[in-house]
Amino acid sequence: MDVQEWLGTIPPISIYLLVGLVIAVESLGIPLPGEIVLVSAALLSSQGHVNPWIVGACASAGAVMGDSIGYVIGRRGGKPLLEKLGRRFPKHFSSAHIASAERSFERWGMWAVFFGRFIALLRIFAGPLAGVLRMRYWKFLTANLMGGVIWAGGTTAVVYYVGVVADAWLKRFSWLGLVAALLVGLASTLIVRRKQAGPAIQDDLGAEAGAEDKVA
Numbered sequence: 001m002d003v004q005e006w007l008g009t010i011p012p013i014s015i016y017l018l019v020g021l022v023i024a025v026e027s028l029g030i031p032l033p034g035e036i037v038l039v040s041a042a043l044l045s046s047q048g049h050v051n052p053w054i055v056g057a058c059a060s061a062g063a064v065m066g067d068s069i070g071y072v073i074g075r076r077g078g079k080p081l082l083e084k085l086g087r088r089f090p091k092h093f094s095s096a097h098i099a100s101a102e103r104s105f106e107r108w109g110m111w112a113v114f115f116g117r118f119i120a121l122l123r124i125f126a127g128p129l130a131g132v133l134r135m136r137y138w139k140f141l142t143a144n145l146m147g148g149v150i151w152a153g154g155t156t157a158v159v160y161y162v163g164v165v166a167d168a169w170l171k172r173f174s175w176l177g178l179v180a181a182l183l184v185g186l187a188s189t190l191i192v193r194r195k196q197a198g199p200a201i202q203d204d205l206g207a208e209a210g211a212e213d214k215v216a
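Note that full-length UniProt numbering numbers the sequence shown so that position 113 is 113, with each residue one more than the last.
This is how it looks when you write it as structure tokens:
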């Protein structure tokens, strides 16, 4: 069972809470499949199972709050926090990944927080690393709000409308497939009947010819 199927088995309120919670925890710096959960929930919204506006709002709130808490933790924990995360999650917080993220922050500043929301690995780093590097909070908050709302709301909107269009096309193709199947079936029936009728007509003609010969 994939994420979307599993989400479809739980009440809508649980989906909203789960979307916000998973994205918030991911933004804290703990690797979780936030984007997968968001996309799955948005697809469910295109099928009418949940409200896309609430999905987008919960995702945005989770992204902003998670990054903000991550910022506070990073600011208080400092470099030792990154080292601890590196030992705990070596795949995501290796020294090479941290060095690359630090270069991005040094070069782009607050825009690293904004664009980091759209990059899977940097999305985990953004909050804690901004705190460790002691970025001014107002800069961080501005970029965090913009990035979180645009990423979460935009992803929900795009996936929702793609899902609606895809569902409409699938329904259209299903009707076309049904009509095509009926036409093929009708054509096959006519061809079979014509083939069956051919020998019968020939037998009738042969019988008539034989009768004429007897009369003659």
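Glycine included, every Cβ here is placed at the ideal spot set by N, Cα and C. For clarity, every value in this text was computed on a predicted model and none was experimentally measured.
Could you spell out where the alpha helix (DSSP H) holding residue i opens and where it closes?
i      : result
LEU129 : 120–132
VAL113 : 110–116
GLY34  : 34–46
Quick check: the Cα distance between residue i and residue j, rounded to an integer number of angstroms?
i           : j      : result
GLY131      : ILE30  : 15 angstroms
VAL64       : GLY56  : 12 angstroms
SER95       : GLN47  : 43 angstroms
residue 233 : PHE118 : Look at the range of the chain in this structure, 1 to 216, and you will see that residue 233 is not part of it.
ARG103      : ILE36  : 28 angstroms
GLU5        : MET110 : 37 angstroms
DSSP three-state call for residue i: helix, strand or coil?
i      : result
HIS97  : helix
ILE10  : coil
ASN144 : helix
VAL25  : helix
GLY154 : helix
ARG87  : helix
ARG103 : helix
PRO80  : helix
ARG136 : coil
PRO31  : coil
Taking the alpha-carbon of residue i as reference, which of the options has the nearest alpha-carbon?
i     : options                    : result
SER14 : GLU35, ILE36, GLU26, CYS58 : CYS58
ILE69 : PRO80, GLY127, ALA41       : GLY127
VAL3  : SER40, GLY62, THR155       : SER40
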